[in-house]
Every structure is written in structure tokens, then in C-alpha cells.
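Below you'll find the structure, written out as C-alpha cells, and then a few comments.
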Amino acid sequence: MSAKATSQATWEQDVLQADGPVLVDFWAEWCGPCRMVAPVLDEIQADNPDKITILKLNVDENPELAMKYQITSIPAMKVFHGGEVKTTIIGAKPKFALEKDLADFIG
């Protein structure tokens, strides 16, 4: 399983109007650490399908959203709930560290 992509066109529905928490992985094709963290995020999604939704946003294809959410380095992950950013995680981390950062959402 791999995280579903979101974009400028589907952002409102996918992220801002989502029922539960949504982690958005801001990434780019050329980013090595982004490719390293992707399978970890897939595992977290598979382990917590009813608790959190994980989506990917390619910053090269969606520069407006990257600017709006002040993405200055990638990988960057932001958890949205109720249309607002609840937490930000910067950089590739091992699964246990990401799960710790997401404990409020996946408990």
C-alpha cells in the first residue's frame, strides 16, 4: 500500500474537509530522504487505518501549497485536523520516532 496523492485541485476535500486527522507528506521525486520515509509512512497508515489518513503532496507540482504552508525543507509532514495544522514534523525519522510524534493522533 502506498499513500494516496493529493494536489491543489483536491486539497480542500482531501485535507481541509476530512473527518479525522490527515498527515500530509510534503515531498519531491528528487529528495532521497523523502523516498526513505515513504515506506515508513505507509506502514504507519497500514497499522492505523481508522485513526489517521496519510497523503502525499509533491511540492514541485504544487508550489502554491508548499508556499502557503511555509515548506522550506523536505521531507516535511503536517498533521491537519478540522482544517487546521495541529503538528509539524521535519525530516526523515525512523518509525518509532514518527509514531511518538503522532501519538496524539494514533495513540
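Using our numbering, the first residue of the sequence shown is number 705, and each one after it goes up by one.
For every residue, glycine included, the Cβ atom is placed at its ideal position computed from N, Cα and C.
Since this is a predicted model, take the numbers as computed values, not measurements.
Notebook entry, point to check: What's the gap between the Cα of Gly811 and the Cα of Gln774?
Noted result: Going by the C-alpha atoms only, they are around 27 Å apart.
Note to self: Can you find the residues in the same chain that come closer than 6 Å, C-beta to C-beta, to Met781, ignoring five residues on each side of it along the sequence?
What the structure shows: Taking C-beta separations shorter than 6 Å and ignoring five residues to either side along the sequence, the partners of Met781 in its chain run Leu727, Asp729 and Ile793, following chain order.
Next item on the list: Specify, as a first and last residue, the run of the alpha helix (DSSP H) that Ile810 falls within.
Entry: Note, Ile810: alpha helix (DSSP H), Ala807 to Ile810.
Margin query: Quick check for students: name the residue ranges of the beta strand (DSSP E) that lie wholly in the segment 748 to 798, counting only runs of 3 or more.
Written below: Correct list: 757 to 762, 780 to 785 and 788 to 794.
Notebook entry, point to check: If you drop the 5 nearest sequence neighbours on each side, which residues of the same chain put their C-beta closer than 8 Å to that of Val789?
Noted result: Scanning its chain for C-beta atoms nearer than 8 Å, with the 5 sequence neighbours on each side dropped, one finds around Val789 the residues Tyr773, Lys782 and Val783, in chain order.
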